[in-house]
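Shown next as structure tokens:
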């Protein structure tokens, strides 16, 4: 949670997911798994121990046939900012194994430092954090597709979505080689954004008014980044987690499913 | 004791604890059983994915010689950077444990999984010996081939091989493309492929087509759906189940399954009655309209149709008006992912709707595309034995008598074989197909295959059919070979893609094209002469000719300027006009599912999910990981049941029940789902494999074990959309 | 825990926390050291056992 | 056989009987050790914990034993700092129980983490803003204090005391024990509190989250308070159990009564604070997050409003009343009931603050997730209990744990 004085203007990378476009196809989940060397095991049907940094939830309006409606809600790590980087998980980690980077707004996870106390998982209301209950094992030969950009994790540590932080580093390196001072919007995109066949995911710098993410939701800096766009919402806005993942929908019930409301509230 | 304390104190004060803790930290980071991916030079190879007929461009990221990630190709006309879940998982197939690593000869009983690796020379000579034997017995027509591909050089090589060898029995795996083709032939009078200009449609009326379930070219359909949304277009889904497509549609219209043709005709009734149709098209460029008009007016009033379809007559009327008045309306059909050809009546009725609103060969409509003609090899010259063999009737009955329009009827193959005595087919070649898993009524397929003494599979993976074969001649995977990819399903512009080797072949596999050429050469005579190429790559190079350069550079060739022929020139019927044919309606419009309603009160419909590959390729581990726990839990599959139906049957969420159909029986779990009509149960396709690896095998039930094909009276193609069923407590 | 690890910051939070920590550790450490040294001295002096 | 080790002037059971019991308990201990080794070698997949239950049975056991071990610091605080001198007659036992509880807690934590070999990261790379860091530091430091408090008792063993250095060491440690006790009380205050803070700071989990004072949520203070109230109850309970098993009076009634009375007042004030906290939480905190109290206690098979009634009224208010009111307290059956209820109450409190927090869905489209522990988890949780029994058995046999034992049970020579 350190301020980086070298950065004149901090970036704040965020993601917008258009739920009207999302079809629940799961490409984001697999794009993430293959980008980030996420392991798999024989039975992955127990979703409580299945590592999916990006998870697509199937949400219904709860009405009977034929009025039922379905919406898919993809849920990466929200990279909560809380107030001043005080995200639910970062502040609780005893070993500083997860950190809020003030320069990018990305919540990192240092696998080699994490000793597996799982306090961060208890703190995260989005279930975005996953524990390596098992040794990651790839069938013989399959380890050949592992990417060197992301280190495979060991048993006993927590992992989660990093907004493909390694891609940010690669983009910065590339810009440096090409003699550019800054990276462009398109230089750094997450694997899920890139793969989404429906084009439902937009990624960029929320602090930059030229970036699409900023234009789509118009985050309100006076209210901890709450979206000004009436069709945009964040999951569990009321908890004050101040997430950097926004959702767009035209359906009122979907918006309402994003947070808890009392009966008399509208 | 004091010694002990002394030692403890000494150790604590020495640097030893620090060293130990430090080492521990390092050791826990580098456990020898956790792989450390090797770093190296990054490169990208552009290619085309052939895991489904979608034909997406892919860009594969490599580190040195290893492929590490598959991404969508950004400038591809089909998928523009997007990619589907299966395409993303491709490297798990390439490097996975299910690869067949060399030619294998069966040792134990069929399907026992005992194999002996043999050399390619041995393998080919074994095949050639068998084939020579058959020809010397004057029975070349006892060879059959099942191909997953219909077009392209490999399919053509196989066809050519069969023709010069003397067998008419080339069968391809059927899909809705066959039905569309037949429809175009009957109504437009052309032998063409259906191209759907979905990107420019303003209103998409889908009759149970899973446009977001993997229908057509999946990524293209996803993109088109988002574009429709951006353009404030409308999408209406007619389906008995709230599929993903229905969920994303502006309107979901639940319908009694199998009555889609009735609804289409009901809509036609309103359009005709209220004169909402395109006068320009109907009056000037169509024939048989009056007949058609009389037909729908007589039989398909909204009230009648409401009765059959379960869709309210007011909805029918409103829908017809919306559709006819919309800008660029488009009606499409073909259930789910479109793997089953379906009832021809549906296609004709829906195509008639398109004709009524005049969107044939128009922007945002249904185009007819000429079949690709880049393969221009000199005609093969069969010798006498071959000619005799070719004169024999096809085993599946296609192209003959009742089925004279249809080119291939794989669905009739098992039945044809099982009803005959002896072994009508002696040798079966299976290429890019897994019929033992993908065709309905797996039991009868197995029985049919049992009657074939020698089955050869070209599969790269140990799928169900490969496991049950006698000889395996593994092809390179799509990431290790050159191959032309013709016309992504439903794409509306002439298109050829080129699959390129991304990595060197990992194992002792060989390109099926090369194997066919080698077989032909070994058979000598006219057969050998018909295959003048030294290798498949040479054949491909020659075939592609001038297109090769652009294909190598861009990965695809497209005729972007292509526009379909105008109405004046488009129709090749004798009338030179579009014909509102009634042929398929002379039979009962509705294809009834197998089984009687008194014993089997429910209807079982298979459903497709884009997260479950249900064609010849099984789900790789990544994909199966994304399957929800209300679809698969442990080894159990869930069927979707309306809570009302479940209540009547006294079945609760998560409970195990016995699902019985006229074809089979299985234990399933109940998932209460309000998105399905009462009385219907839905089961996912793509589970219940018994081959492949531990990540996929023995999970769930293959719905093809429970359903049977139903022959369409006009086309002979499989028209089944479900089967009657019974659900009882365990 | 020590000023040379990178997460160490010289701010109020760290000073209060580590102040408390090192204070407690010092008391414990000094107390025990005192007891041990005193006991050793007492033993050397050899003044009477079992006088409790 | 081992009579030379047994303190003078007290009677102990025959060696064979002692060894027999030790053997029986030892078997259970081995079972626990086996499970522990399994968890260390094969990893935490041996448990039924999952991504929804990152914290489960072990963390509850941790919190519970630490609360119960609170008897040590609070009795020490009363004895050395407040000057309640009578309590010297029970302080040894309180320290022993505390020592057992804290060592158990450390052991459980060492099993509970995914990478036990890296546990020192919590110290080395300490994030001082984490309640768990505070817990870890205070816990370890206080465990040192407890060891320091326990060591003189060991040195009082007949044979050890004969060694002059140990004799002097024990004596000197006694001399400055007040300093250690004060440090211990300070540390205890913070770690009991930060254990409460562990749940209270989770602003993503409305069931656990509490507002508070400066950086400390209200649970911080409530946990310290409840540990101070219920810890001595546990000390008394174990004493009573020991008395029952040994069939001897070991502590004079006035000592028990005094500690009981103090606990009663602590419990009474605690429960008032707890009720106010719950009230405020239910009426202000929870609705501001979009929940109502009933959301936390419905739609699941286990957690109903009964658990709140149980914790606050039956296991809080009731024992507090019994212990405060003299005549009731002096009724031995009621006294036993009260201390048992108080112990149960604090265990329930720790349970809900760990497990109900995990079970409760926060996202609207998730459901309650219930969990049951695997045998490995149960075995490793039983492990500290049997370890404690063994340590008590040995300590009681060979050390002068109860200063009043000789007086209350004169041995006929």
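Protein chains in written order, with my numbering: chain A, 958 to 1223; chain B, 3 to 732; chain C, 2 to 53; chain D, 27 to 439.
Even for Gly, the Cβ is constructed at its ideal location relative to N, Cα and C.
First through last residue of the alpha helix (DSSP H) which encompasses residue i
| i | result |
| --- | --- |
| residue 160(D) | 157-181 |
| residue 1(B) | Nothing can be reported for residue 1(B): it is not among the residues displayed for chain B, which extend from 3 to 732. |
| residue 116(D) | 114-138 |
| residue 260(D) | 244-272 |
| residue 1066(A) | Looking at the DSSP string, residue 1066(A) is not in any alpha helix (DSSP H); the run it does join, the beta strand (DSSP E), is 1064-1066. |
Interface partners of residue i on chain B, CB under 7 Å
| i | result |
| --- | --- |
| residue 981(A) | 246 |
Residue i in three-state terms, based on DSSP
| i | result |
| --- | --- |
| residue 817(B) | Summary: the structure shown does not reach residue 817(B), with chain B confined to residues 3 through 732, and so no result is reported for it. |
| residue 336(B) | strand |
| residue 223(B) | helix |
| residue 581(B) | strand |
| residue 330(D) | coil |
| residue 326(B) | helix |
| residue 1171(A) | helix |
| residue 402(D) | helix |
| residue 1189(A) | strand |
Residue i, buried or exposed, once every other Cβ within 10 Å from all chains shown has been counted against 16
| i | result |
| --- | --- |
| residue 570(B) | exposed |
| residue 1162(A) | buried |
| residue 315(D) | buried |
| residue 985(A) | buried |
| residue 635(B) | buried |
| residue 45(C) | exposed |
| residue 88(B) | buried |
| residue 1187(A) | exposed |
| residue 990(A) | buried |
Range covered by the beta strand (DSSP E) that runs through residue i
| i | result |
| --- | --- |
| residue 59(B) | 59-65 |
| residue 239(B) | 236-240 |
| residue 448(B) | Run containing residue 448(B): none in the beta strand (DSSP E); it sits in the alpha helix (DSSP H), 444-452. |
| residue 975(A) | 970-975 |
| residue 641(B) | 638-643 |
| residue 147(B) | 145-149 |
Neighbour list for residue i in chain C, Cβ cutoff strictly below 7 Å
| i | result |
| --- | --- |
| residue 157(D) | Residues of chain C passing the Cβ test: none, with the nearest at roughly 12 Å. |
| residue 209(D) | 25, 28 and 29 |
Partner residues on chain C for residue i, Cβ-Cβ distance less than 8 Å
| i | result |
| --- | --- |
| residue 171(D) | 29 |
Chain-ordered neighbours of residue i on chain A, where CB pairs are closer than 9 Å
| i | result |
| --- | --- |
| residue 218(D) | Here the premise fails: no neighbours, minimum Cβ distance about 17 Å. |
Residues that residue i contacts on chain B, provided the C-beta gap is smaller than 9 Å
| i | result |
| --- | --- |
| residue 143(D) | 23, 26, 27, 29 and 30 |
Closer than 8 Å at the beta carbon, the chain B residues around residue i
| i | result |
| --- | --- |
| residue 146(D) | 23 |
Partner residues on chain A for residue i, Cβ-Cβ distance less than 7 Å
| i | result |
| --- | --- |
| residue 628(B) | 983, 986 and 987 |
Chain-ordered chain D contacts of residue i [CB-CB under 8 Å]
| i | result |
| --- | --- |
| residue 1133(A) | The premise fails here: residue 1133(A) is roughly 30 Å from chain D at the closest Cβ pair, so nothing lies under 8 Å. |
Residue-chain proximity (residue i, chain E), Cβ-Cβ < 7 Å
| i | result |
| --- | --- |
| residue 976(A) | No chain E appears in this structure, whose protein chains are A, B, C and D. |
Under 8 Å from the C-beta of residue i: neighbouring residues of chain A
| i | result |
| --- | --- |
| residue 228(D) | 1045, 1049, 1079 and 1080 |
Proximal chain D residues relative to residue i, where beta-carbon distance stays under 7 Å
| i | result |
| --- | --- |
| residue 1217(A) | 315, 316, 317 and 390 |
_Short of 8 Å Cβ to Cβ, which residues in the stretch 10-37 of chain C face chain D?_
14, 15, 18, 19, 21, 22, 25, 26, 28, 29, 32, 33, 35, 36 and 37
*Any residues in the stretch 1151-1183 of chain A with a beta carbon nearer than 8 Å to a beta carbon of chain B? Which ones, in chain order?*
1151, 1152, 1153, 1154, 1155, 1156 and 1157
*Pull out every residue of the stretch 61-93 of chain D whose Cβ sits closer than 7 Å to any Cβ of chain A, in chain order.*
Only 69, 70, 71, 76, 77, 78, 80 and 81 from the stretch 61-93 of chain D bring a Cβ to less than 7 Å from some Cβ of chain A.
_Selection of the stretch 999-1010 of chain A by Cβ proximity to chain B, strictly under 8 Å_ = 999, 1000, 1001, 1002, 1003, 1004, 1007 and 1009
*Which of the residues in the stretch 311-332 of chain D, read from start to end, lie with their CB under 9 Å from any CB of chain A?*
313, 314, 315, 316, 317, 318 and 321
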